[in-house]
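Chains as they are written, first to last, in the working numbering: chain A, 1 to 473; chain B, 1001 to 1473.
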């Protein structure tokens, strides 16, 4: 018998319906994580009622609804059993039970599905008119004139060599030394991290993340059934005492972090923190995934863990979805040669080859001198937008955690007593997608924080709606 | 203690070096599959020697080499232990130990990495000049004129609606009824199957495949640590007695198969087989993945399992990599609405969004009337190439398993006494990539079979090299 009661339901939920829902959710979670396997017997009504501290009728109701959903099965005279066909992996059932409004998928789905006229200060990317559209049109026309092979054939397993060569030169600018054969092209930065997780993680392995961190790290790690431990994040990087303690206590397999501009805080790793962090990782034989997708927002390169480490235990990951195009994506992994070899087999197994045409397009834009000019103009425009956004937020009593050196994001605390999830829910009704703090927090300790994307805050209605939501929340 | 001896080494290997290699391989496999976890103690030298039926000195040698490779660690006075940092997932270490030349990755890597001048009758796709190059050029130019959003923004979670609508109309032509909200766009057919495996499989779950089957199914399922069981394949589909028995014995979670032209045999599922197969699947609550990537090669549609089943337990998967472009790929999954919902969350977690621009390109080609004309011309050209290839193979004494109604592939037996792996190895030295039978066979029962791609057999040197290899093998 493996059904342990979960935390007591919140007071607001402690109605009959709330109690039933709570029991159902707890049992579904046990089945999703396979702590209750296919065919497992569930506790009797009486025993279940004791365990969950509910009445027998609540327990009956919960079992009946689970049976109606074909999750469990009643065998007359014998009891209740998990249906033999195992439940699919439902990500929303893994991890802590959250209000759907602070589920890591909430911001993503709202942002991706929002109608064109919505305002999206909570989303993680720039509006189309901030992107190098003309460079892309030029790249498409140029590709339309090239040889048939690059239009129709699979690429090589590692991916387009001239792009890998270009990437090694870019990485060298931040001190990362890699040969082109140490670079594997994949479909996106997310796919890069996913491939690394497949390569290194077993279900149940512990992974450290920053708290707060990019919310999709949490979704991805839950999909790998990792045990996620958050490390409090400071303006100069992770809190190293907490990091060292977590390493000693949990013996994690991986630490996943952002270099350059940390998402969501916008903070930059200091040289001293980077050095001490690497010493702890080396002593504990810990592997680190350094996700560097914001590097093109940087004016001055911050320290890179991969540079300190020489790609021994650090796996460096990047993409161009934020500054070039999110429609034709390329991700890359730079790592030890033997790991690249294993990752390449996994890439073949899970996506066969590619993305060949996207690689040609991205290379064509990167080689074009106008991309560097685009980046310079974008950084100036973003710095101005950041200042303006900060001023407008200040008028509403919303204060940033730090003043980032650049990048897209302002991580802010709402005025005393406001819950960011409530504010986000109210703003959504007015067509504004916000990013409440707890979607970024594994410990759920950021209820009054919110991430703002300065490039998406140009429209003054963002602040009108926000002000109204603050008044009502 | 979990180290079980594996099958006795083949006679040719029963040298000292062979015995040591055998012990090392067996231990590595146990570590790769985590039946020996990090930190696990290995058997003592004496006990290991008994278990593997080797001399203690062979055992010492094996342990020393594993320790030198940092796989295990000697703790003086205590014994040998699996190193605490777990080994990454090395696909080549999973499944049976094979000659690298019949590894599922062999054909893929050789085909993808072969220099442009190589001949590739063993590869699974068409040469560039068989692909609709002009349609693609037109689509690229047209895309260069469209709005910025489709060039730079992430797509919606399900993917481009007009393409999903187009796909539902295409599927309706083979009797598959699906609404656009039951269709999820992904990066490729392989990624589609991978996502389904993530959704439905746990490590250790049993999956049925055809024997022979597309070799990358084996690689992909090994990456999911599935237990793979092969079902002998007949000219009208899987052997149903063997299928029913495997379902009863192994209680598989999934059956993965090709409809339309089966890879590698080129066979077509008969209506009677499809019907009986679905009855067995229904009775056992078995889920089926129907991979339909060869549908555009069909003149007359064969029965589709998804059509019989109404997308209840069949998940239908397709792509355009074989007939439109392998450089800008799109895969799709059609399934039950609640499964599409779970698959979409998994897609967001593992690749975030997309592929938006590839979807625009593929839709642009599909809508263009010239794509249908391209398909008609391609099928005629392929039928002629198939006839010519069959005649040339017959002159070398190579006989097809069946005469396929169409498609790319001829699955053939070599003349008596020839080993396809030896022939493939010799031909590779002459710049010809072949596909030896055992890469397709989970039971390794196709040592004298070989798959030929008729579209890649136009050059007469293919047959000169093949003849020479047959003489020498």
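Ideal placement from N, C-alpha and C gives every residue a C-beta, glycine not left out. Computed from a predicted structure; not experimentally measured.
Nearest to residue 1242 of chain B (by Cα), restricted to the options B:1258, B:1259, B:1277: Residue B:1277 is the option with its Cα nearest to residue 1242 of chain B.
What would DSSP say about residue 1287 of chain B, mapped onto helix, strand or coil? It is a strand residue.
Can a CB atom of chain B be found closer than 8 Å to the CB of residue 335 of chain A? Not a single C-beta of chain B is nearer than 8 Å to the C-beta of residue 335 of chain A.
Beta-carbon proximity check, residue 404 of chain A vs residue 412 of chain A, cutoff 8 Å: Contact: no.
Where in the region 1015-1092 of chain B do unbroken runs of the beta strand (DSSP E), each at least 3 residues long, occur, reported from the N-terminal end onward? Runs of the beta strand (DSSP E) inside the region 1015-1092 of chain B: 1072-1075, 1079-1082.
Nearest-angstrom Cα distance between residue 1472 of chain B and residue 1462 of chain B? If you draw a straight line from the Cα of residue 1472 of chain B to the Cα of residue 1462 of chain B, it is about 16 Å long.
Along the chain, which unbroken stretches of the alpha helix (DSSP H) at least 4 residues long are found entirely within the region 229-291 of chain A? Whole alpha helix (DSSP H) segments, 4+ residues: 240-250, 271-284.
How about residue 1481 of chain B and residue 128 of chain A: do their beta carbons lie closer than 8 Å? Any question about residue 1481 of chain B goes unanswered here, given that chain B covers just 1001 to 1473.
Chain-ordered neighbours of residue 1445 of chain B on chain A, where CB pairs are closer than 7 Å: At a C-beta separation below 7 Å, residue 1445 of chain B has no neighbours in chain A, since its nearest C-beta there lies roughly 22 Å away.
Tell me which residues of the region 290-313 of chain A have at least one Cβ-Cβ distance to chain B shorter than 8 Å, keeping chain order. Within the region 290-313 of chain A, no residue has a Cβ that lies closer than 8 Å to any Cβ of chain B.
If you drop the 5 nearest sequence neighbours on each side, which residues of the same chain put their C-beta closer than 8 Å to that of residue 342 of chain A? Once the five neighbours on either side are set aside, the close Cβ partners of residue 342 of chain A are 199.
With burial defined as no fewer than 16 other Cβ atoms inside 10 Å of the residue's Cβ, what is the status of residue 1258 of chain B: buried or exposed? Buried, by the Cβ-count rule.
With a threshold of 16 other CB atoms inside 10 Å of the CB of residue 70 of chain A, please say whether the residue is buried or exposed. By the beta-carbon neighbour count (other beta carbons within 10 angstroms, threshold 16), residue 70 of chain A is exposed.
With a threshold of 8 Å between beta-carbons, can residue 327 of chain A be considered close to chain B, or not? Interface residue, yes.
Quick test of your reading: residue 1164 of chain B and residue 1183 of chain B, contact by CB under 8 Å. State the CB separation rounded to the nearest angstrom. About 4 Å separates the Cβ atoms of residue 1164 of chain B and residue 1183 of chain B, confirming a contact at the 8 Å cut-off.
Count the other CB atoms, across all protein chains shown, that sit within 10 Å of the CB of residue 11 of chain A; report buried if there are 16 or more and exposed otherwise. Unreliable positioning characterises residue 11 of chain A in this predicted model, as indicated by a pLDDT of 42, which lies under 50. The coordinate reading is nonetheless provided below. The residue is exposed, with fewer than 16 neighbouring Cβ atoms inside 10 Å.
How about the region 1278-1294 of chain B and the region 1311-1323 of chain B: do they share at least three Cβ pairs that are nearer than 8 Å? Yes: the two stretches touch, three or more of their Cβ pairs being nearer than 8 Å.
Could you list which residues in chain B have their beta carbon closer than 8 Å to that of residue 354 of chain A, in chain order? In chain order: 1187, 1188, 1326, 1327, 1329.
So what's residue 1171 of chain B in DSSP terms, helix, strand or just coil? Reduced to three states, the DSSP call for residue 1171 of chain B is helix.
By the 10 Å Cβ neighbour count, where 16 or more other Cβ atoms means buried, how is residue 266 of chain A classified, buried or exposed? The residue is buried, with at least 16 neighbouring Cβ atoms inside 10 Å.
Name, please, each residue of chain B whose Cβ falls closer than 7 Å to the Cβ of residue 199 of chain A. For the C-beta of residue 199 of chain A, the chain B residues within less than 7 Å are, from N- to C-terminus, 1088, 1089.
For the region 117-185 of chain A, list the alpha helix (DSSP H) runs that are entirely contained and at least 4 residues long, ordered along the chain. Listed in chain order, the complete alpha helix (DSSP H) runs (minimum 4 residues) inside the region 117-185 of chain A are 133-144, 148-152, 161-173.
What does a CB cutoff of less than 6 Å around residue 98 of chain A pick up in its chain, not counting 5 residues either side in sequence? Note that residue 98 of chain A has pLDDT 46, beneath the 50 cutoff, so the model's placement of it is unreliable and the number below is only indicative. Cβ contact annotation for residue 98 of chain A (same chain, cutoff 6 Å, sequence separation greater than five): none.
Kindly indicate the opening and closing residues of the alpha helix (DSSP H) around residue 529 of chain A. Nothing about residue 529 of chain A can be read from this structure; chain A reaches only from 1 to 473.
Using a Cβ-Cβ cut-off of 8 Å, state whether residue 1064 of chain B counts as contacting chain A. It does not; no Cβ of chain A falls within 8 Å.
Do you know how far the Cα of residue 1245 of chain B is from the Cα of residue 1424 of chain B? Straight through space, the alpha carbons of residue 1245 of chain B and residue 1424 of chain B are spaced by roughly 34 Å.
Ordered along the chain, which non-local residues of its own chain (more than five positions away) have a Cβ less than 7 Å from that of residue 1308 of chain B? Contacts found: 1274, 1275, 1278.
Establish whether the CB of residue 1453 of chain B and some CB of chain A are separated by less than 8 Å. Not one chain A Cβ lies under 8 Å of residue 1453 of chain B.
Count the other C-beta atoms from every protein chain shown that fall within 10 angstroms of the C-beta of residue 1096 of chain B, then say buried if there are 16 or more, exposed otherwise. Any reading at residue 1096 of chain B must be qualified, since the residue scores a pLDDT of 45, below 50, and its modelled position is unreliable; no value is offered.
Whose C-beta lies closer than 7 Å to the C-beta of residue 54 of chain A among residues of the same chain, with five residues either side of it excluded? Correct list, in chain order: 19, 23.
For a contact meaning CB atoms closer than 7 Å, what does residue 45 of chain A contact in chain B? Correct list: empty, because the minimum Cβ distance to chain B is about 26 Å.
Does residue 1338 of chain B pass the burial test, meaning 16 or more other C-beta atoms within 10 Å, or should it be called exposed? Counting C-beta atoms within 10 angstroms of its own C-beta, residue 1338 of chain B has fewer than 16 neighbours from the protein chains shown and is therefore classed as exposed.
State yes or no: is the beta carbon of residue 994 of chain B nearer than 8 Å to at least one beta carbon in chain A? Outside the shown range of chain B, which is 1001 to 1473, sits residue 994 of chain B, and nothing can be said about it.
Cross-strand partners of residue 1317 of chain B (DSSP beta bridge): Note: residue 1317 of chain B sits in a beta bridge opposite B:1291, B:1333.
Since residue 1260 of chain B and residue 1294 of chain B should fall inside the 8 Å C-beta cutoff, what is the C-beta to C-beta distance between them, to a whole number of angstroms? Residue 1294 of chain B and residue 1260 of chain B do touch by the CB rule: their CB atoms are close to 5 Å apart, below 8 Å.
Within its chain, find whatever has a CB closer than 6 Å to the CB of residue 355 of chain A; leave out the 5 residues flanking it on each side and keep chain order. Excluding sequence neighbours, residue 355 of chain A sits near 187.
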